[in-house]
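Peer 1: Chains as they are written, first to last, in my numbering: chain A, 49 to 384; chain B, 49 to 384.
Every residue, glycine too, gets a C-beta built ideally from N, C-alpha and C.
Quick one: the structure is below, questions incoming.
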């Protein structure tokens, strides 16, 4: 657990900038002198000044300068661990939060943490991903401080054939978190997309390290487009953000906290009661559960059929037009 | 593919000692001067001398000394890449061979190689493992230069639920390789043990990095007890080595080459014709396939039943004494 590489990964997090941010946030009503900050964090006044500039570059409104002291204009919408963990004390997990300003992929880091023996429930957050990924190695655009890029390390005692259920658990949690925030009801497109008005704003990527009969650890990565005011041209026709839907900015911090609370709830339900309640809840909130005309594209074919519920492994069943009903083991599903 | 970490892993292999070994083996009928060796490999004469001593410590009989030149007493039973690759030219895979004198676990290195993008068919070999592993994190004793410790990186286009078949493919390959070497017929105890006279001499550990619907890469680790003349007391009652069975030493190199050729054959058969021929072959060579009284121990229970064939996913079916037949998704199987 305290291996060399785990320490290396911890060393890469911006913990001291997090400390500065937390200190300013906790004293948001007063001006704090640079000398006091430097002393509390244990760095020089010059370093404090450099970090303040870095925070400003990240969009955090910090007033003041070295001679007068600093004052935060408002509690920033940065996913700093201390701002999150105090809100999740009633959940037993989520105590190890790794926050990065910029990483290649939060899932990659969470998988490394799994390899190094980090505990169940560890969370990796990034303000920006440079190589964010979706299913099957596809890219996931991860603009700086506009979205939620969150990966959770899980150690469920399940077989690899049940891993689809982890995607559903995370999808349901993200769906509930967003439904509370937005005056629109998100849909879930099996297995891993959340849509509003037919456009995607959230994707889930589940990865695992497993033996044939057991998952050693799994990572559920959740990407949510929150405050993007525009999206890259190549995806604008099929993708959206919460801001684009509502017309105003949303607090990433609040959505993340809701997401993690719902995740905790659904995950525990899955462990306690098995897949049935997860499948039942999916049936309630997803238009893709049953009777939806869809086009399925697999590695070898593409066909149109009608959805016919989920198997207890979380796999979608599709009725072909010739009447055969079969599970979609691997493939893409879109509305036909 | 040529990422920094991949180079780092390559750098850890003892490639120059391999080069010395190969040079001596290829000139086994003559005495080669230290000067000539130093020039060919590109190191000092002193380094050549140090390496000769290291080879001797590994049990390689090298005659001579710095002033007279060196001569290898016989082709050594070391799994040096050059000695292997020339014997496998007719197999399209197995061109990237990573050979180590001592590692924690060949499976761990092969999984890292997978993560770094190394190609299908890469092989990791070690003369000694300090943290060799079996299923579910159990230890695998890996004494220096006595056994075969080999992990193969595979990139099959299969779902995680088919990964048991990779274990069977590797088990069949190891079984055939050993059957040709030993005048005894090895048995396969589902899923991953090879036995002779009821004692285990070979284990397989399949691990994978996967999404719920696709394996990104898998590693099949094969450990074979070859020339151990005694085994640790705690496993001596249930384990054996080829030497303990036959009364004489066996060439690890020859067994490994046979193993890899059979692996290539079974693996291609699996990719081309699917699971049926693998299951059929398992039925031919394993006494555990059908009608065997076994005790099954899972995370939640232990019961006695009778084996009833394999599912096409490679999972064992067991008939309980009340007549119910069910798959053993995860559990240990021993003769009852």
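Quick one: residues in its chain with C-beta nearer than 6 Å to the C-beta of residue 214(B), no 5 flanking neighbours on either side, listed in chain order?
Peer 2: As a position in the second chain, residue 214(B) is number 166, starting the count at 1. Counting only Cβ-Cβ distances below 6 Å, and skipping sequence neighbours, we find 254, 266, 268.
Peer 1: Using a Cβ-Cβ cut-off of 7 Å, state whether residue 241(A) counts as contacting chain B.
Peer 2: Here residue 241(A) refers to the residue found at position 193 when the first chain is read from its first residue. No, no contact with chain B.
Peer 1: Using the rule of at least 16 other Cβ atoms within 10 Å of the residue's Cβ for burial, across every protein chain shown, is residue 137(A) buried or exposed?
Peer 2: Sequence index remark: in the first chain, residue 137(A) carries index 89 (1-based). Flag for residue 137(A) reads exposed.
Peer 1: Just the C-alpha distance for residue 359(B) and residue 324(B), rounded to the nearest angstrom, thanks.
Peer 2: Position 311 of the second chain, counting from 1, holds the residue named residue 359(B). Position 276 of the second chain, counting from 1, holds the residue named residue 324(B). Cα-Cα distance, rounded: 10 Å.
Peer 1: For a contact meaning CB atoms closer than 9 Å, what does residue 257(B) contact in chain A?
Peer 2: If you number the second chain from 1, residue 257(B) lands on position 209. Those are 159, 255, 256, 257, 258, listed as they occur along chain A.
Peer 1: With three or more C-beta pairs closer than 8 Å as the rule, is the stretch 340 to 355 of chain A touching the stretch 295 to 307 of chain A?
Peer 2: With a cut-off of 8 Å, the stretch 340 to 355 of chain A and the stretch 295 to 307 of chain A do not count as touching, because too few Cβ pairs lie within range.
Peer 1: For residue 92(B), which residues in the same chain have their Cβ closer than 7 Å to its Cβ, ignoring the five residues on either side in sequence?
Peer 2: Taking the second chain and counting its residues from 1, one reaches residue 92(B) at position 44. Hits under 7 Å: 86.
Peer 1: Per DSSP, what kind of secondary structure is residue 74(A) in: helix, strand or coil?
Peer 2: Your numbering for residue 74(A) matches position 26 in the first chain. Note: residue 74(A) maps to helix in three-state DSSP.
Peer 1: I'd like the span of the beta strand (DSSP E) that includes residue 252(A), first residue to last.
Peer 2: Reading the first chain from its first residue, position 204 is the one you call residue 252(A). 247 to 259 is the span of the beta strand (DSSP E), which, as asked, contains residue 252(A).
Peer 1: Determine the direct distance from the alpha carbon of residue 155(A) to that of residue 228(A), and round the result to whole angstroms.
Peer 2: As a working note, residue 228(A) is residue 180 in the first chain. As a working note, residue 155(A) is residue 107 in the first chain. Cα-Cα distance, rounded: 26 Å.
Peer 1: Going by DSSP in three states, residue 50(A) sits in which element: helix, strand or coil?
Peer 2: Within the first chain, residue 50(A) is the residue found at index 2, counting from 1. In this predicted model, residue 50(A) has a pLDDT of only 46, less than 50, meaning its place in the structure is not dependable; the value taken from the coordinates is given anyway. Coil, per DSSP.
Peer 1: To the nearest angstrom, report how far apart residue 96(A) and residue 82(A) are at their CA atoms.
Peer 2: As a first step, residue 96(A) is located in the first chain; it is residue number 48 there, counting from the start. As a first step, residue 82(A) is located in the first chain; it is residue number 34 there, counting from the start. Going by the C-alpha atoms only, they are around 7 Å apart.
Peer 1: If you compare alpha carbons, which of 370(A), 362(A), 337(A) is closest to residue 352(A)?
Peer 2: If you number the first chain from 1, residue 352(A) lands on position 304. Here the closest residue by C-alpha is 370(A).
Peer 1: If you compare alpha carbons, which of 78(A), 80(A), 148(A) is closest to residue 66(A)?
Peer 2: Taking the first residue of the first chain as 1, we reach residue 66(A) at position 18. It is 148(A).
Peer 1: Taking residue 102(B) as the reference, which of 115(B), 69(B), 218(B) has the closest Cα?
Peer 2: Walking along the second chain from the start, residue 102(B) turns up at place 54. It is 69(B).
Peer 1: What did DSSP end up calling residue 362(A) once you bin it into helix, strand or coil?
Peer 2: Numbered from 1 along the first chain, position 314 holds the residue referred to as residue 362(A). In the structure shown, residue 362(A) sits in coil (DSSP, three-state: anything other than H, G, I, E or B).
Peer 1: Which residue spans inside the stretch 260 to 340 of chain B form an unbroken beta strand (DSSP E) run of at least 3?
Peer 2: For the stretch 260 to 340 of chain B, whole beta strand (DSSP E) runs of length 3 or above, ordered along the chain, are 262 to 273.
Peer 1: Residue 221(B) and residue 314(B) - do their beta-carbons sit closer together than 7 Å?
Peer 2: As a position in the second chain, residue 314(B) is number 266, starting the count at 1. As a position in the second chain, residue 221(B) is number 173, starting the count at 1. Contact: yes.
Peer 1: Let me make sure I understand the geometry here. Which of 249(B), 179(B), 327(B), 174(B) has the alpha-carbon closest to that of residue 291(B)?
Peer 2: Counting from one through the second chain, the residue named residue 291(B) turns up at place 243. Of 249(B), 179(B), 327(B), 174(B), the residue nearest in Cα terms is 249(B).
Peer 1: With a threshold of 7 Å between beta-carbons, can residue 377(A) be considered close to chain B, or not?
Peer 2: Residue numbering aside, residue 377(A) sits at position 329 when the first chain is read from its first letter. Closer than 7 Å: yes.
Peer 1: Taking C-beta to C-beta, are residue 300(A) and residue 196(A) nearer than 7 Å?
Peer 2: As a working mapping, residue 300(A) is identified with position 252 in the first chain. As a working mapping, residue 196(A) is identified with position 148 in the first chain. Yes, the pair counts as a contact, with Cβ atoms nearer than the cut-off.
Peer 1: Which of helix, strand or coil does DSSP assign to residue 111(B)?
Peer 2: For the purposes of this step, residue 111(B) is taken as the residue at position 63 of the second chain. Three-state result, residue 111(B): strand.
Peer 1: In its own chain, which residues sit with a C-beta less than 8 Å from the C-beta of residue 338(B), not counting the 5 before and 5 after it?
Peer 2: To locate residue 338(B), count along the second chain from 1; it is residue 290. These residues qualify, in order along the chain: 331, 355, 356, 357.
Peer 1: Does DSSP classify residue 350(B) as helix, strand or coil?
Peer 2: Sequence index remark: in the second chain, residue 350(B) carries index 302 (1-based). Strand at residue 350(B).
Peer 1: Quick one: which chain A residues come within Cβ less than 7 Å of residue 347(B)?
Peer 2: One-based indexing of the second chain puts residue 347(B) at position 299. Those within 7 Å of residue 347(B) in chain A are 205.
Peer 1: If you count every other CB in all the chains shown that lies within 10 Å of the CB of residue 94(B), and 16 or more means buried, which is it?
Peer 2: Here the question's residue 94(B) lines up with position 46 in the second chain. Residue 94(B) comes out exposed.
Peer 1: Please confirm whether residue 124(B) has its beta-carbon closer than 7 Å to some beta-carbon of chain A.
Peer 2: One-based indexing of the second chain puts residue 124(B) at position 76. No - not a single Cβ of chain A is within 7 Å of the one on residue 124(B).
Peer 1: Going by alpha carbons, who is nearest to residue 384(A) out of 309(A), 237(A), 297(A)?
Peer 2: Sequence index remark: in the first chain, residue 384(A) carries index 336 (1-based). Ranking the options by Cα distance to residue 384(A), first place goes to 237(A).
Peer 1: I want to verify the contact list: residues of chain B whose CB lies under 8 Å from the CB of residue 208(A), in sequence order.
Peer 2: Here the question's residue 208(A) lines up with position 160 in the first chain. Within 8 Å Cβ-Cβ: 208, 209, 211, 256, 258, 260.
Peer 1: Relative to the alpha-carbon of residue 379(A), which residue among 373(A), 364(A), 368(A) has its alpha-carbon at the smallest distance?
Peer 2: If you number the first chain from 1, residue 379(A) lands on position 331. Nearest C-alpha to residue 379(A): 364(A).
Peer 1: Taking the beta strand (DSSP E) that residue 228(A) falls in, what are its first and last residues?
Peer 2: Along the first chain, one-based indexing puts residue 228(A) at 180. That residue, residue 228(A), is in no beta strand (DSSP E); its alpha helix (DSSP H) goes 212 to 229.
Peer 1: Taking the beta strand (DSSP E) that residue 199(B) belongs to, which residues open and close that run?
Peer 2: Here the question's residue 199(B) lines up with position 151 in the second chain. Note, residue 199(B): beta strand (DSSP E), 195 to 202.
Peer 1: Residues of chain B with a CB under 8 Å from the CB of residue 215(A): which are they?
Peer 2: Your numbering for residue 215(A) matches position 167 in the first chain. The answer, in chain order, is 260.
Peer 1: Using a Cβ-Cβ cutoff of less than 7 Å, which residues in the same chain neighbour residue 107(B) once the five nearest sequence positions on both sides are dropped?
Peer 2: Sequence index remark: in the second chain, residue 107(B) carries index 59 (1-based). Here the set comprises 193.
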